[in-house]
């Protein structure tokens, strides 16, 4: 499991999602990567870059069970403009809550 780390303090209401809630997404990603070894290698490389930069960290099951404030974020890989990127699905909902619901909205980007 990966955990997003940040130096920005954001007040979040009790968010908790069990690992089993995001496993279907993880299994789907694993199946797609198993069919394409080159893409799987790129995926591992991108995850490693995120770890090295301190944006994500490996979290043991013991660590996640110590607190009720843990939110697993499903993710997958996309290829945009010839570059592979990891996309985190922060709109993923569990029991009617999502991480996006807890964050402050940004500015309107389109016409109102």
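In my numbering, the protein residues as written are 27 to 138.
We treat Cβ as the ideally placed atom computed from N, Cα and C, and that holds for glycine.
Rounded straight-line distance, which links the Cα of residue j to that of residue i
i, j, result
"residue 75", "residue 66", "14 Å"
"residue 101", "residue 90", "18 Å"
"residue 99", "residue 41", "12 Å"
"residue 50", "residue 115", "13 Å"
"residue 47", "residue 77", "23 Å"
Spatial neighbours of residue i in its chain, beta-carbon cut-off 6 Å, leaving aside the 5 residues before and after
i, result
"residue 69", "59 and 103"
"residue 111", "104"
Presumed contact (8 Å Cβ cut-off) between residue i and residue j, rounded CB distance
i, j, result
"residue 97", "residue 135", "Wrong, their Cβ atoms sit about 25 Å apart, outside the cutoff."
Of the residues the options, the one placed nearest residue i, counting alpha carbons only
i, options, result
"residue 55", "81, 113 and 120", "113"
"residue 44", "123, 81, 109 and 133", "123"
"residue 71", "92, 120, 118 and 109", "109"
Under the three-state DSSP convention, the category residue i falls into
i, result
"residue 73", "helix"
"residue 85", "coil"
Residue i Cβ short of 7 Å to the ligand FAD heavy atom set
i, result
"residue 100", "Only the bare structure without any ligand can be found here, which leaves the ligand FAD out of the picture."
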